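Using the working numbering, the first residue of the sequence shown is number 118, and each one after it goes up by one.
Every residue, glycine too, gets a C-beta built ideally from N, C-alpha and C.
Because the structure is a prediction, the values reported are computed rather than measured.
One structure is given below, encoded as structure tokens.
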Amino acid sequence: MAMKIRLARGGSKKRPFYRIVAADSRMPRDGRFIEKLGTYNPLLPKDSEDRIKMNVERIQYWLDQGAQPSDRISRFLEAAGILDKKERANLKKGTPGKKAQEREKEKADKAAAAAEAAKEAEAAPAEAEAEAAEETSES
């Protein structure tokens, strides 16, 4: 039997509340589970102690029995120090869309042009001073 440690959703509409459960992977998300291992309330602030409650001993037992934690549960366990942190593939989910990339490119081009203009404006008075100094030294 393929065991999973995962979240089972409860609560009312737009007010989620999750139970952390050990369940057969073939069962529905909110369906039959073997054991309740804790709770997760995403509506509470991140620094609240009541946001995530886990029975660490029972979770460790199920991990030793071969249960696989879901991605969210593995993040909880990594934060609690039970599992080692693993590398995750951050695909292109965080990259901006085409229009946002075009806006960024236009903004960068404008900034480069402004920097170039400022550099030229800074160099022009220096050249004028150098020419004036040469004329006075020649006479």
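query	result
Option nearest Pro133 by Cα separation, candidates Gly211, Asp181, Leu154 and Leu160	Leu160
Other residues of its chain near Ser187: CB distance less than 6 Å, five sequence neighbours each side excluded	Arg123
For Arg205 and Arg136, the rounded distance between their alpha carbons	24 Å
For Phe134, three-class secondary structure by DSSP	strand
Assigned exposure category for Leu194 - 16 Cβ within 10 Å defines buried	buried
Straight-line gap, Met120 to Thr212 (C-alpha atoms, nearest Å)	35 Å
First through last residue of the alpha helix (DSSP H) which encompasses Arg176	Reading off the sequence shown, one finds Ile at residue 176, where the question assumed Arg. Taken as a continuous stretch (DSSP letters only), the alpha helix (DSSP H) holding Ile176 covers Val173 to Asp181.
Rounded Cβ spacing between Asn158 and Arg146 (contact assumed at less than 8 Å)	Contact flag wrong, Cβ pair sits at about 17 Å.
With 16 other Cβ atoms within 10 Å as the buried cut-off, status of Gly183	exposed
Alpha carbon of Glu223 to alpha carbon of Ala241, nearest angstrom	27 Å
Three-state class that DSSP yields for Asp226 in the structure shown	helix
Three-state secondary structure (DSSP) of Leu154	strand
Own chain, CB closer than 8 Å to Trp179, minus 5 neighbours either side, in chain order	Met120, Ile122, Ala139, Glu152 and Leu154
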